[in-house]
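Residue 1 is where the sequence shown starts when you use full-length UniProt numbering, and the numbers rise one by one after that.
Structure first, commentary second.
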Amino acid sequence: MVTTRSGRRAGAATAPKRVIPKRQRPEKFPLDVKYLRTQLDAARNSITENERRIAEFEAQVLEDRAQSAQQAQDLAVAREEAESLRNNCNMLQEQLARCVGGDDQDWQVAARTLHGVAEAQMGDLQASKGLIEALQAQIETLEADVTRVCERRSPVMTPERERAIVEATQRSLGHGFEALLENMKALRV
1 MVTTRSGRRA GAATAPKRVI PKRQRPEKFP LDVKYLRTQL DAARNSITEN ERRIAEFEAQ
61 VLEDRAQSAQ QAQDLAVARE EAESLRNNCN MLQEQLARCV GGDDQDWQVA ARTLHGVAEA
121 QMGDLQASKG LIEALQAQIE TLEADVTRVC ERRSPVMTPE RERAIVEATQ RSLGHGFEAL
181 LENMKALRV
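Quick look at the structure:
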């Protein structure tokens, strides 16, 4: 081989270049960039919507817990009313026991009247007690539902279904409170 002035070999300049074939690209890609971007945007929108729904549901849960606390306070007031009624009934029964022993006709009439009042108030007291127990059970059910919903979010239990369960329980509690208040008003008359 001949060496040129630059020091290169003359044979190297005339040697054929090696050509390395590039890997053949497939004609069609299963997922192109545009499709992936569309899917990514859809996923982001879905995440944003889910976060919004979760925030709304958490706000609803906090509101339901506040209402449950108010209902528990109302229940405590109702229990105090029931205790007061029980004390009144005991007092009437004591008066009745004192009146029954007399021979005077007026005392006997008064005794029968007091006996009737005592029986009526005892009946109202039992009804109020039943309403209070039912109300307490409904409050416990509502709190259990709220706790269960907060701890477990499954695809079957959607926020709409959870909200419907809470609203139905609240409506049931509202009817129980209305009946209890009407019963208390009747006892005060």
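All C-beta atoms, glycine included, are put in the ideal place defined by N, C-alpha and C.
Nearest-angstrom beta carbon gap, residue j and residue i [assumed within contact, 8 Å]
{"i": "Leu135", "j": "Leu62", "result": "Rounded, the Cβ-Cβ distance is 22 Å, inconsistent with contact."}
{"i": "Gln138", "j": "Thr169", "result": "7 Å"}
{"i": "Arg163", "j": "Phe57", "result": "7 Å"}
Cβ neighbour criterion (16 or more within 10 Å) applied to residue i
{"i": "Ile54", "result": "exposed"}
{"i": "Pro155", "result": "Below a pLDDT of 50, predicted positions are generally treated as unreliable, and Pro155, at 49, falls in that range; no measurement from the model is reported."}
{"i": "Val33", "result": "exposed"}
{"i": "Glu94", "result": "exposed"}
{"i": "Ser46", "result": "exposed"}
{"i": "Val166", "result": "buried"}
Cβ pair residue i, residue j closer than 8 Å
{"i": "Leu125", "j": "Ala82", "result": "yes"}
{"i": "Arg79", "j": "Ile132", "result": "yes"}
Minimum C-alpha distance to residue i - residue among the options
{"i": "Met91", "options": "Gln121, Arg163, Arg65 and Ala43", "result": "Gln121"}
{"i": "Leu85", "options": "Ala127, Arg161 and Gln67", "result": "Ala127"}
{"i": "Asn88", "options": "Ala66, Glu119 and Tyr35", "result": "Glu119"}
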